[in-house]
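Participant: Numbering-wise (the working numbering), the sequence shown opens with residue 1 and increments by one.
Glycine residues also receive a C-beta, built at the ideal position from the N, C-alpha and C atoms.
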Amino acid sequence: MVNKQELTDKILSGRKQLEAALANVDNERMPLIVLHGEWSIKDLVAHIGFWEERVASIFQTLQAGKTPQPSPELDVLNAQALNASRKLSVEEIRRQEIKAYQKILVLVREASQAELFDGAHFAWTEGRPFYNFIADNTYGHYEEHLPSVLAWLKRIS
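(1) Closest to Glu97 by C-alpha separation, out of Arg15, Asn3, Lys4, would be which residue?
(2) By Cβ distance, which residues of its chain are closer than 7 Å to His141, with the 5 residues on each side in sequence left out?
(3) Along the chain, where does the beta strand (DSSP E) that runs through Val34 open and close?
(4) Glu6: which of Arg155, Tyr139, Ile156 sits nearest, CA to CA?
(5) In the DSSP assignment, find the alpha helix (DSSP H) that holds Glu6 and state where it starts and stops.
(6) Which term fits Val25, buried or exposed, when burial requires 16 or more other beta carbons within 10 angstroms of its beta carbon?
(7) Looking at the unbroken alpha helix (DSSP H) that takes in Pro147, where does it start and where does it end?
(8) Within the same chain, show all residues whose beta-carbon is closer than 6 Å to that of Leu116, passing over the 5 residues directly before and after it, in chain order.
(9) Between the Cα of Ala84 and the Cα atoms of Val106, Asp136, Gln63, Ala46, which residue gives the shortest distance?
(10) Can you have a look at Glu53 and say buried or exposed, based on whether 16 or more other CB atoms are within 10 angstroms of its CB?
(11) Does any CB atom of chain D fall closer than 9 Å to the CB of Trp39?
(12) What residue range does the alpha helix (DSSP H) around Arg109 cover?
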């Protein structure tokens with residue numbers, strides 16, 4: 001079983017890898033469509049921030065004793081988030097994503113062991129410990145998208 005320190009370490013390690021790759025992308029290249037024929041690096045950063053913010057919001061809702069609203073299918077949700085983020089500047093996207101990431105770190109630090117690691121703590125999770133949702137939307141999500149960014153950086157170098 002993972003503990004708070006291990007979870008935090010995995011988030012920080014995954015984040016370090018993501019930031020190292022993104023450090024090679026200047027603001028002029030951020031909006032260029034370079035990933036999967038339809039996404040820019042800016043879109044990817046917005047996507048990651050959307051999911052970080054979403055998992056933090058769900059956690060706060062559960063902590064308040066409420067049930068999160070049902071959400072559309074994954075592809076619909078991703079498309080809605082993408083369309084909304086394309087109206088924002090690179091700077092706004094970066095600011096929002098950093099804020100969401102920091103919210104996750106605070107959440108992990110301040111949450112109880114039961115809230116994070118007891119699958120029975122929140123009925124909404126249907127037996128799945130909440131830390132799995134955090135992992136899936138932080139370091140697991142970074143690992144999912146990092147190869148595409150690295151491949152693109154290799155192509156342009």
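Facilitator: Judging by the given coordinates:
(1) Arg15
(2) Ile48, Trp51
(3) 33–35
(4) Tyr139
(5) 4–22
(6) buried
(7) 139–156
(8) Phe130, Tyr131
(9) Ala46
(10) buried
(11) Judged by its chain identifiers, the structure shown contains no chain D, having just a single protein chain.
(12) 90–110
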